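S.K.: Residue numbers (this note's numbering), protein chains in the order written: chain D, 2 to 320; chain V, 2 to 320. All residues carry an ideal CB built from backbone N, CA and C; glycine is no exception. Note that the structure is predicted; figures quoted are calculated from it, not measured.
1) Any beta carbon from chain D within less than 8 Å of residue 3 of chain V's own beta carbon?
2) Go ahead and label residue 153 of chain D buried or exposed: buried means 16 or more other beta carbons lie within 10 angstroms of its beta carbon, across all protein chains shown.
3) Quick check: the Cα distance between residue 297 of chain D and residue 309 of chain D, rounded to an integer number of angstroms?
4) Express the C-alpha separation of residue 115 of chain V and residue 239 of chain V in angstroms, rounding to a whole number.
5) Is it the case that the region 125 to 137 of chain V contacts the region 89 to 96 of chain V, given that we only count it when at least three CB pairs across the two stretches are under 8 Å?
6) Taking the alpha helix (DSSP H) that residue 120 of chain V belongs to, which residues open and close that run?
7) Determine, for residue 150 of chain D, whether the minimum Cβ-Cβ distance to residues of chain V falls below 8 Å.
8) Bridge partners of residue 109 of chain V, per DSSP?
9) Whose Cβ in chain V lies nearer than 9 Å to the Cβ of residue 213 of chain D?
10) If we call anything under 8 Å between Cβ atoms a contact, is residue 123 of chain D one with residue 46 of chain D?
11) Considering only the alpha carbon of each residue, which of D/301, D/65 and D/224 lies closest to residue 24 of chain D?
12) Secondary structure at residue 325 of chain V, three-state DSSP: helix, strand or coil?
13) Quick one: what does DSSP say residue 71 of chain D is sitting in, helix, strand or coil?
14) Between residue 199 of chain D and residue 163 of chain V, what straight-line distance do the alpha-carbon atoms span, to the nearest angstrom?
15) Within 8 Å (strictly less), CB to CB, does residue 136 of chain D reach chain V?
16) Output needed for residue 209 of chain V: all residues of its chain with C-beta closer than 7 Å, excluding positions within five of it in sequence on either side, in chain order.
17) Establish whether the CB of residue 116 of chain V and some CB of chain D are separated by less than 8 Å.
18) Given a threshold of 16 other Cβ atoms within 10 Å of its Cβ, counted over all protein chains shown, does residue 205 of chain V qualify as buried or as exposed?
19) Suppose you measure from the CA of residue 223 of chain D to the CA of residue 281 of chain D; what does that come to, to the nearest Å?
20) Using only alpha-carbon positions, find the residue among V/157, V/176 and V/37 that is nearest to residue 48 of chain D.
21) Would residue 42 of chain V pass as an interface residue toward chain D - the criterion being a Cβ-Cβ separation below 8 Å?
22) Less than 8 Å between the beta carbons of residue 218 of chain D and residue 188 of chain D, yes or no?
23) In or out: residue 318 of chain V buried (at least 16 other Cβ within 10 Å) or exposed?
24) Count the C-beta pairs between the region 51 to 58 of chain V and the region 138 to 154 of chain V that are closer than 8 Å, then say yes if the count reaches three, no if not.
25) Answer yes or no: do residue 61 of chain V and residue 85 of chain V have a C-beta to C-beta separation smaller than 8 Å?
26) Which residue's Cα is closest to the Cα of residue 195 of chain D: D/16, D/31 and D/83?
27) If you count every other CB in all the chains shown that lies within 10 Å of the CB of residue 31 of chain V, and 16 or more means buried, which is it?
28) What does the alpha-carbon distance come out to for the pair residue 190 of chain V and residue 228 of chain D?
29) For residue 10 of chain V, which residues from the same chain have a beta carbon less than 8 Å from its beta carbon, with the 5 sequence-adjacent residues on both sides left out?
30) By alpha-carbon positions, which one of D/185, D/289, D/169 and D/79 ends up nearest to residue 315 of chain D?
31) Using a Cβ-Cβ distance under 8 Å, would residue 319 of chain D count as near chain V?
32) Identify each residue in the region 145 to 178 of chain D for which the Cβ-Cβ distance to at least one residue of chain V is less than 7 Å, and report them in chain order.
33) Quick one, which of V/12, V/181 and V/91 has its alpha-carbon nearest residue 214 of chain V's?
34) Quick one: residues in its chain with C-beta nearer than 7 Å to the C-beta of residue 313 of chain V, no 5 flanking neighbours on either side, listed in chain order?
35) Alpha helix (DSSP H) containing residue 1 of chain D: first to last residue?
36) Excluding sequence positions up to five away, which residues of its chain have a Cβ less than 7 Å from the Cβ of residue 237 of chain V?
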């Protein structure tokens, strides 16, 4: 074999990776089931609206990160962390339901949003209900409660900062990074930490997986904001360009956008024509490589390989 | 002294009661402080809106019930349960903020509502923020988390059932009692249970204080619904007659209301002229006496006297 050729993966390694991925998929299925089960309310609108948004799917990047962090730190039983990963994904889901109320989003995960079908009152209550189910799922895990409580607070603070920035028309690069750190990266960080904690990892490992999560959370949100500007609803399965602030924030974060009577069009043109898109993608890739560096010391396992693949997939996506 | 005269309270007993009440007031002040401290967000709108609604006061009947249940079961250090009682009151506060969005309420606790000042988007996020702070306050108390999680779910289910009943125009006596059991009495029950648990009470005592709370919760909501129909905003410090369903539910629970193009006027007239008001008050009094019976076996302490007084005050109020 020439040294210039990439070495093919040995059969034993490939089998081990395939076996791991099958177990991981089983873990994700257990998380799906746990979420569907926990929202089995006797109040039909809460059950129906919750299952509507849960069964629509989504990328499940947060529970996947949690399961992988768990396995990378030696965890073996994915089913045992299904409630914890379910809590993290339901928290994201609750925030999505409330976001769609505030942003008047009508499409989510390729389906009509909860507010589009059930109206604002029931959407608000469904979001509240999903928040209570997060709390119910994580309640038995005493040590983990403060971690998720902190991430929840950060998420709501990030959403609020964003709404305030839109209202006050104050969207600087600094505010943009503060917002995405709070509203997105904090929960990715919690997912990494909770997975490591569930595997009884050392404090250093919990910290490393948390930082890994935080960095890919930043990258994830930057790519999301790029897609919100350049993507279409058909491609993304959700309403796009709703929040000028995101586009504006993303653009301002990398360059100045000239004032315009139609800021969204202006940002879109600016982003598509200028270097902002390229620069944003470069920045997202930098966060991903930093993230991967943070777990370099972990033993070489299928879980570590999948964590690295997950990190790269966050930036190499079109939906 | 004639046997017909009420025996005056002996000085020692009176002093003991006064001393207890001073300690209780200190406990309530600690709860107020805990709530104000925990919402100290760096995001100014969340801090300001939260403190606006918290500092407006309110009856504080839920934390008072919790502190009294704690003391009646032998608890001595009110400050030690301030976080738990604060969690219960903040949960109620969060639900009030979201209710006012859905009901378009503009007045709450004698002040403009959060949505009236900050608008719906920030009111929704403030309610979410208060929910996360409930979770943060209770997180360290492993045993108590499932109790409060259950009460939170019930509260949201009760609010949803109410909204669904309004929408479907299906408001029967049975549905009315199901709604008030979920949206109000479940949290009163949790307050009684958590107070008893914090004093390391036996399972039987926890159960008894929970049932006590549930019954006075039902009485409290019936009286609230009567006041919503017959009271004025000035008297109650909140928007009244907003939710026809409450008036309708309350009225239907005791008598049939004739159909009318203006249901609120019709219910009001029906309630004021008919026997519904009287019957509702009678029912509320019955729940209170049942509640008092449930704690008859507790030792005679100042805390027990105050629990009984609290139960009676729930029905003997005009605001």
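M.R.: Well, looking at it:
1) With a pLDDT of only 48 at residue 3 of chain V, under 50, the local geometry of the prediction cannot be trusted, and the value read off the model is given with reservation. No, no contact with chain D.
2) It counts as buried.
3) Rounded to whole angstroms, residue 297 of chain D to residue 309 of chain D spans 10 Å at the Cα level.
4) The alpha-carbon separation between residue 239 of chain V and residue 115 of chain V amounts to approximately 12 Å.
5) Three or more beta-carbon pairs drawn from the region 89 to 96 of chain V and the region 125 to 137 of chain V are found closer than 8 Å, and the two stretches are therefore classed as touching.
6) Run containing residue 120 of chain V: 115 to 139, per the alpha helix (DSSP H) assignment.
7) Cβ-Cβ to chain V under 8 Å: yes for residue 150 of chain D.
8) Per the DSSP secondary-structure output, residue 109 of chain V pairs in a beta bridge with V/112.
9) Correct list: empty, because the minimum Cβ distance to chain V is about 24 Å.
10) A distance below 8 Å separates the beta carbons of residue 123 of chain D and residue 46 of chain D.
11) Among D/301, D/65 and D/224, the Cα nearest to that of residue 24 of chain D is on D/65.
12) A question about residue 325 of chain V goes unanswered here, because the residues of chain V that appear run from 2 up to 320.
13) It is helical.
14) Annotation: residue 199 of chain D to residue 163 of chain V spans about 39 Å, alpha carbon to alpha carbon.
15) Yes, its Cβ sits closer than 8 Å to a Cβ of chain V.
16) Closer than 7 Å at the Cβ level, and outside the excluded window around residue 209 of chain V, lie 295 and 296.
17) Chain D has no Cβ within less than 8 Å of the Cβ of residue 116 of chain V.
18) Exposed is the call here.
19) Taking the straight line joining both Cα atoms gives about 7 Å.
20) The closest CA to that of residue 48 of chain D, considering only V/157, V/176 and V/37, is found on V/157.
21) It does; some Cβ of chain D falls within 8 Å.
22) It is a contact, given that the beta carbons lie within the stated cut-off.
23) With fewer than 16 other CB atoms across the displayed protein chains lying within 10 angstroms of its CB, residue 318 of chain V is exposed.
24) No contact exists between the region 51 to 58 of chain V and the region 138 to 154 of chain V.
25) Contact: no.
26) The residue with the shortest Cα to Cα distance from residue 195 of chain D is D/83.
27) The residue in question, residue 31 of chain V, is buried, as its Cβ has 16 or more Cβ neighbours within 10 Å.
28) About 48 Å.
29) Same-chain partners within the cutoff: 18.
30) The residue with the shortest Cα to Cα distance from residue 315 of chain D is D/289.
31) Taking Cβ atoms only, chain V never reaches closer than 8 Å to residue 319 of chain D, which makes this a no.
32) Taking a C-beta cut-off of 7 Å against chain V, the contacting residues of the region 145 to 178 of chain D are 146, 147, 150, 153, 154, 157, 158, 160, 161, 162, 164 and 165, listed in chain order.
33) Residue 214 of chain V has its Cα closest to that of V/181, out of V/12, V/181 and V/91.
34) Excluding positions up to five away in sequence, the list reads 289.
35) This structure leaves residue 1 of chain D out entirely; chain D is present only between 2 and 320.
36) Short of 7 Å from the beta carbon of residue 237 of chain V, and not among the five residues preceding or following it, lie these beta carbons of its own chain, in chain order: 228 and 320.
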